[in-house]
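Visitor: From first to last, the protein sequence lines are chains F and H.
-6 is the number of the first residue of the first sequence in our numbering; add one for each residue after it.
-6 is the number of the first residue of the second sequence in our numbering; add one for each residue after it.
Number of protein chains: 2
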Amino acid sequence: MSPRKSVAEARRTRDRILEHGIAIASVDGLDGLTIGRLATDLGMSKAGVLGHFGTKEALQLAALDGAAAIFSRTVWAPAEHRPPGLARLRAVCEAWITYLETDRDTFPGGCLFTTAAVEFDARSGPVRDAVGRLLRVWRRRLAAEVRTAVAEGELPAGTDAEQLVYELGGLYLALNQELQLFGAPGAAERTRRGLDRLLGPGAPADPALTSRAS
Amino acid sequence: MSPRKSVAEARRTRDRILEHGIAIASVDGLDGLTIGRLATDLGMSKAGVLGHFGTKEALQLAALDGAAAIFSRTVWAPAEHRPPGLARLRAVCEAWITYLETDRDTFPGGCLFTTAAVEFDARSGPVRDAVGRLLRVWRRRLAAEVRTAVAEGELPAGTDAEQLVYELGGLYLALNQELQLFGAPGAAERTRRGLDRLLGPGAPADPALTSRAS
DNA sequence: CCTACCGATCGGTAGG
DNA sequence: CCTACCGATCGGTAGG
């Protein structure tokens, strides 16, 4: 009957802290994620919360990691069984819309990476570095899929993969803003129309997206 | 020889506070804009700083207003003498790039509206409302310019102005992220290529941007 | 996992 | 515009 919990119980507690921490950070940012609030909300002591992470910065990094796992599970995993190239790319893009639109419980304040990226983009340190690293990984994956699509002839030869990924990112930043700030129900459809311009039947003939070899 | 300053002096002090406050908020957000830090940086007392605004929220709103004035002066004003329609729209877009790229002194952490929008988009209250109001005003102005361009035959008939403005916004969110997070020097050129796709010679034939009257 | 505590900082007020 | 102060909260530690 000691207050000391088993390893498995401790792990579950840690998961609970992280899950709620991600929700808080989604709304108030990784700075707004305070140990005191977390403790109050979960009916724990501050020391009990902090003991699982050591420092606030470690907690922030853990929240980021947890959110990355959710993103991978929600956006990447469902598309993995699709054939590489345009089909998989389109599946990822559609799942990405779903991710931003529906995960209101896990991310009540919208995508945590968008929040964290803007919050830390002008600072330095481990959190900023972690955000940058994650964004780079996803860009690389998207760009690889674009290149496969080009090789398969599903996108026009000469397509600038980085340029396309850059514009895809802009489309999703716009979607997140539209959903969070204006709660606009038409935002998903606007995003799909933007995607059609980038990936759809209209795109292949578009010279601005191909490399400037002139 | 009283410590009481004249009205003009008080105004100048207020401007100094606001100028530095905008710089701080650009990096650390409108929540990170604390009265104590402002006072220390400016060699004043906290009460002296707060006296100009009353509450922190009023200070945040004043910083937002000040940033809006800078945005208008930098992005809109230089384009005002251009003929309405596509020419003015293009001038605004180019000035917008300059605004994000060069104003490192006034906005060391990037565009304050992008920061504030993401910071407050999941909350409620006067600050969030002010951010939303400003974004709506700029969108309306951009959309009006698009419609003029359509009426002049500079953009294809049937162009969905809101859709175009939505995608323009995404392009600039991407630019801000690219500059702040990765300091990418090629970001401006990527943005211009995106603009070419939306506004340039390649755009008129693009069916995805016109209304779906099917 | 807890209680009890630390110094620092927060926004804000009183009074001049 | 200042000094002096308020209660609340911050991240974090000691000790169990």
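Where is the CB? At the ideal position from N, CA and C, for every residue including glycine.
Give the DSSP-derived three-state secondary structure of THR27 of chain F in the structure shown.
Guide: Reading the first sequence from its first residue, position 34 is the one you call residue 27 of chain F. DSSP places THR27 of chain F in coil when its eight states are reduced to three.
Visitor: Within 8 Å (strictly less), CB to CB, does GLU12 of chain F reach chain H?
Guide: Within the first sequence, the letter at position 19 stands for residue 12 of chain F. So, not an interface residue.
Visitor: Taking the beta carbon of THR33 of chain H as the centre, do at least 16 other beta carbons fall within 10 Å, making it buried, or is it exposed?
Guide: To locate residue 33 of chain H, count along the second sequence from 1; it is residue 40. That one is exposed.
Visitor: What did DSSP end up calling THR152 of chain F once you bin it into helix, strand or coil?
Guide: On the first sequence, position 159 is the one that residue 152 of chain F refers to. Residue state, collapsed to three classes: strand.
Visitor: Should ASP199 of chain H be flagged as near chain F, meaning a C-beta pair shorter than 8 Å?
Guide: Taking the second sequence and counting its residues from 1, one reaches residue 199 of chain H at position 206. Low confidence applies to ASP199 of chain H: its pLDDT is 48, below 50, so where it sits in the model is not reliable, and the reading given next is rough at best. Yes, its Cβ sits closer than 8 Å to a Cβ of chain F.
Visitor: Give the straight-line distance between the Cα atoms of ASP199 of chain F and THR67 of chain F, rounded to the nearest whole angstrom.
Guide: The residue given as residue 199 of chain F occupies position 206 in the first sequence. The residue given as residue 67 of chain F occupies position 74 in the first sequence. For ASP199 of chain F, the predicted model reports a pLDDT of 47, less than 50, meaning its position is unreliable and no value from the coordinates is stated.
Visitor: Check whether the Cβ of GLY118 of chain F lies closer than 8 Å to any Cβ atom in chain H.
Guide: As a first step, residue 118 of chain F must be located in the first sequence, where it is residue number 125. Not an interface residue.
Visitor: For the region 163 to 178 of chain F against the region 2 to 11 of chain H, are there 3 or more C-beta pairs whose distance is under 8 Å?
Guide: Segments in contact, no.
Visitor: What's the C-alpha gap between ALA1 of chain H and GLU182 of chain F?
Guide: Within the second sequence, numbered from 1, the residue matching residue 1 of chain H stands at position 8. Within the first sequence, numbered from 1, the residue matching residue 182 of chain F stands at position 189. Computed Cα separation, rounded: 52 Å.
Visitor: Would you be able to state if there are at least three C-beta pairs under 8 Å between the region 88 to 97 of chain F and the region 126 to 139 of chain H?
Guide: No: the two stretches stay apart, fewer than three of their Cβ pairs being nearer than 8 Å.
Visitor: What residues in its chain sit with their C-beta under 8 Å from that of THR108 of chain H, if we drop five residues either side in the sequence?
Guide: The sequence position of residue 108 of chain H within the second sequence is 115, counting from 1. Around THR108 of chain H: ALA18, SER19, GLY22, LEU23, GLY102.
Visitor: Go through the region 33 to 84 of chain H residue by residue and report every complete run of the beta strand (DSSP E) that reaches 3 residues or more, in order.
Guide: Fully enclosed beta strand (DSSP E) runs of 3 or longer: not present.
Visitor: DSSP three-state call for ALA115 of chain H: helix, strand or coil?
Guide: Your numbering for residue 115 of chain H matches position 122 in the second sequence. Here ALA115 of chain H sits in coil by DSSP.
Visitor: Under 8 Å between C-beta atoms, does ARG97 of chain H make it to chain F?
Guide: Stepping through the second sequence from its first residue, residue 97 of chain H is reached at position 104. No, because no Cβ of chain F sits closer than 8 Å to the Cβ of ARG97 of chain H.
Visitor: Which same chain residues, not among the five before or five after GLY59 of chain F, have their C-beta less than 6 Å away from its C-beta?
Guide: Numbered from its first residue, the first sequence carries residue 59 of chain F at position 66. Within the same chain, GLY59 of chain F has close Cβ partners LEU11, ILE15.
Visitor: For ALA177 of chain H, does the three-state DSSP call read helix, strand or coil?
Guide: Here residue 177 of chain H refers to the residue found at position 184 when the second sequence is read from its first residue. Of the three classes helix, strand and coil, the one that applies to ALA177 of chain H here is coil, per DSSP.
Visitor: Applying a beta-carbon distance threshold of less than 7 Å, which residues of chain F neighbour ARG183 of chain H?
Guide: Taking the second sequence and counting its residues from 1, one reaches residue 183 of chain H at position 190. By Cβ distance, chain F contributes GLN156, TYR159.
Visitor: With a threshold of 8 Å, are at least 3 pairs of Cβ atoms found where one atom belongs to the region 74 to 91 of chain F and the other to the region 147 to 164 of chain H?
Guide: No: fewer than three Cβ pairs fall under 8 Å.
Visitor: Restricting to Cα atoms, I'd like to know which of F:ALA123, F:ASP153, F:ARG129 is closest to GLU50 of chain F.
Guide: Position 57 of the first sequence, counted from the first residue, corresponds to residue 50 of chain F. Measuring from the Cα of GLU50 of chain F, the nearest candidate turns out to be F:ALA123.
Visitor: Since GLY163 of chain F and LEU166 of chain H are thought to touch, with beta carbons under 8 Å apart, how far apart are those beta carbons, to the nearest angstrom?
Guide: Your numbering for residue 163 of chain F matches position 170 in the first sequence. Your numbering for residue 166 of chain H matches position 173 in the second sequence. Sure, about 6 Å apart at Cβ, within 8 Å.
Visitor: Rounded C-beta distance between LEU174 of chain F and GLY125 of chain H? I'm assuming under 8 Å.
Guide: As a first step, residue 174 of chain F must be located in the first sequence, where it is residue number 181. As a first step, residue 125 of chain H must be located in the second sequence, where it is residue number 132. Indeed, because the Cβ distance is near 6 Å, the residues count as touching under 8 Å.
Visitor: Mapping DSSP to helix, strand and coil, what is ASP98 of chain H?
Guide: For this step, residue 98 of chain H is matched to residue 105 along the second sequence. Note: ASP98 of chain H maps to coil in three-state DSSP.
Visitor: Short of 8 Å Cβ to Cβ, which residues in the region 103 to 118 of chain H face chain F?
Guide: Result list: GLY103, THR107, THR108, ALA110, VAL111, GLU112, ASP114, ALA115, ARG116.
Visitor: To the nearest angstrom, how far is the alpha carbon of SER(-1) of chain F from that of GLY29 of chain F?
Guide: On the first sequence, residue -1 of chain F is found 6 positions in, with the first residue counted as 1. On the first sequence, residue 29 of chain F is found 36 positions in, with the first residue counted as 1. Straight-line Cα distance between these residues: approximately 24 Å.
Visitor: Determine the burial state of SER(-5) of chain F: buried for a count of at least 16 other Cβ atoms within 10 Å of its Cβ, exposed for fewer.
Guide: Within the first sequence, residue -5 of chain F is the residue found at index 2, counting from 1. Low confidence applies to SER(-5) of chain F: its pLDDT is 37, below 50, so where it sits in the model is not reliable, and the reading given next is rough at best. Result: exposed.
Visitor: Spell out whether any CB of chain F is found under 8 Å from the CB atom of PRO(-4) of chain H.
Guide: The residue given as residue -4 of chain H occupies position 3 in the second sequence. Because PRO(-4) of chain H carries a pLDDT of 46, less than 50, the predicted location of this residue cannot be relied on, and the following value inherits that uncertainty. So no, PRO(-4) of chain H is outside the interface.
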